[in-house]
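The block underneath contains the structure these notes are about, expressed in structure tokens.
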Amino acid sequence: MKKSRRSNSSKATTKGPRANIVGGNVFADLGLPRPEQELLKAQLTLQIYRLIKQRDITQTEAGKLLGIRQPHVSLLMRNRAGSFSVERLMDFLTALGQDIEITVRPARERQGAVSLTA
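Just add 101 to the spot in the sequence shown (first one is 1) and you have the working numbering.
Following this line, the structure appears as structure tokens:
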């Protein structure tokens, strides 16, 4: 009977792309167009996800509250908000009983940025 031999190599090999944290916005790091907007959409979607989970409601019930069909709620719950605008995501948050406040102030850098405080 043959015994399998394990490699004594201490080096681990990895396959696939490597991620390096560069600027704090993964969408910018990936070179996607409009990374600030994509980050904001992801943050808004996370808030929607948390509220639906907190309320312990079904996706069908959430869809009725938000005015969308269950498959679209499923997309939101999997952070697939690509088809929804920032404005529509904010509408979903207000439908879930949240107030949204937008503040405009001078930028610290040469170009302004968008951020979400929850």
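Note that the Cβ used here is the ideal one computed from N, Cα and C, for glycine as well.
Bear in mind the structure is a predicted one, so any value in this text is a computation, not a measurement.
Using three-state DSSP, classify residue i as helix, strand or coil.
{"i": "Ser175", "result": "helix"}
{"i": "Thr218", "result": "coil"}
{"i": "Glu210", "result": "coil"}
{"i": "Val205", "result": "coil"}
{"i": "Arg135", "result": "coil"}
{"i": "Asp157", "result": "coil"}
Do you know offhand how far residue i's Cα is from residue j's?
{"i": "Arg135", "j": "Ala219", "result": "22 angstroms"}
{"i": "Leu177", "j": "Gln212", "result": "30 angstroms"}
{"i": "Leu133", "j": "Ser186", "result": "16 angstroms"}
{"i": "Leu131", "j": "Ala143", "result": "15 angstroms"}
{"i": "Ile169", "j": "Ile203", "result": "25 angstroms"}
With 16 other CB atoms within 10 Å as the buried threshold, where does residue i fall?
{"i": "Gln160", "result": "buried"}
{"i": "Ile153", "result": "buried"}
{"i": "Ala182", "result": "buried"}
{"i": "Ile201", "result": "exposed"}
{"i": "Leu167", "result": "buried"}
{"i": "Ile208", "result": "Checking the sequence, you will find Ala at residue 208 rather than Ile. Result: exposed."}
{"i": "Val215", "result": "exposed"}
{"i": "Leu141", "result": "buried"}
{"i": "Val174", "result": "buried"}
{"i": "Ile149", "result": "buried"}
Candidates the options: which alpha carbon is nearest residue i's?
{"i": "Leu145", "options": "Leu197, Arg206, Pro207", "result": "Leu197"}
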